[in-house]
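The numbering used here puts the first residue of the sequence shown at 1, with every later residue one more than the last.
Below you'll find the structure, written out as structure tokens, and then a few comments.
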Amino acid sequence: MAVYPCMTNTVLEFSVSIDGFATGPDVDMDTPMGVEGERLHAWMDEAADAPFARRPLDRAGAFLLGRRMFDLGERPWGEDGTFRRPCFVVTGRPKEMLVKGPTTFTFVTDGFTRAVELAREAAGERDLVIMGGPAIAQQALAAGIVDEIRLHLVPLLLGAGTRLFEPAGRALVGLELTECVHTPAAVHLTYRRP
């Protein structure tokens with residue numbers, strides 16, 4: 001198992017349906033969140049939920065993404081790249097660094113461990129936020145590097161799609177609930193590893 005020096009808080013941040021899906025079914029370039037999956041983020045447009053929508057950007061020093069999330073999100077994110085922070089994309093396909101406004105995307109081809117090292121270095125004292133996709137989240141959990149999980153539980157049953165948490169044969173991890181705020185659009189849950 002890799003050893004990761006811990007100088008920052010590593011956070012998983014995801015919207016998820018009540019039945020555990022982080023996307024709807026049939027994810028493709030035209031429907032990057034899958035069929036009906038965009039409803040997972042509808043809470044972000046509500047005034048009562050605004051602090052939770054801003055929190056990842058307010059606290060993050062860097063973001064960690066998978067290549068699939070990048071490929072699906074690049075077009076909808078627009079010319080500023082959305083994140084306004086360094087983003088590290090775990091990939092097996094080389095690509096030159098991409099700059100979109102204040103957002104930089106660095107494509108890391110020498111593995112998950114190296115991507116985490118680079119992202120933590122860039123984050124400094126701020127959070128390293130892992131936003132997607134679920135495969136990267138599962139790698140982070142399996143590696144034991146997640147300090148905090150922030151879930152935005154949306155009142156929606158998708159019935160199919162990509163599950164956020166798939167069994168991976170790893171040991172049980174107990175978590176402590178540190179925050180629970182409900183609004184009409186979502187229940188915002190924060191868990192920490194004790």
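Using N, Cα and C, we set each Cβ at its ideal position, and we do this for glycine too.
These figures come from a predicted structure and were not determined experimentally.
Q) Applying the criterion that 16 or more other CB atoms from any shown protein chain within 10 Å of the CB defines a buried residue, is L40 buried or exposed? A) buried
Could you have a look at M69 and say whether DSSP puts it in helix, strand or coil?
helix
For this session: Compute the Euclidean distance between the alpha carbons of L128 and L153, then round it to the nearest angstrom.
Result: 21 angstroms
request  = Give every residue of the same chain whose Cβ lies closer than 6 angstroms to the Cβ of F88, excluding the five residues on either side of it in the sequence, and list them in chain order.
outcome  = L64, T106, V108, A115, L118 and A119
In the DSSP assignment, what residue or residues form a beta bridge with P86? T104
Count the other CB atoms within 10 Å of the CB of P134; is the residue buried (16 or more) or exposed (fewer)?
buried
- Item | Beta-carbon gap between V146 and L57 smaller than 8 angstroms | no
Original post:
Quick one, are the C-beta atoms of D80 and G61 less than 8 angstroms apart?
Top reply: no
inquiry  = List, from N- to C-terminal side, the alpha helix (DSSP H) runs of 4 residues or more that fit wholly inside the segment 155-189.
reply    = none
Margin query: Using C-beta distances below 7 angstroms, list every residue in its chain close to P32, excluding the 5 sequence neighbours before and after it, in chain order.
Written below: L72, G73 and P76
List the residues that DSSP assigns as beta-bridge partners of E148.
V11 and R192
- Kindly indicate the opening and closing residues of the beta strand (DSSP E) around L118. Unbroken run through L118 is the alpha helix (DSSP H), F112 to A123; no beta strand (DSSP E).
State yes or no: is the C-beta of I136 within less than 8 angstroms of the C-beta of L175? no
- Taking only the alpha-carbon atoms, compute the straight-line gap between T162 and G20 and give it to the nearest angstrom. 8 angstroms
- Item | Three-state secondary structure (DSSP) of I18 | coil
**Prompt:** With a CB to CB cut of under 7 angstroms and the five nearest residues on each side skipped, what residues in its chain are close to Q139?
**Reply:** F112
Exposure label - M1; buried when at least 16 CB within 10 Å
Because M1 carries a pLDDT of 43, less than 50, the predicted location of this residue cannot be relied on, and no value is offered for it.
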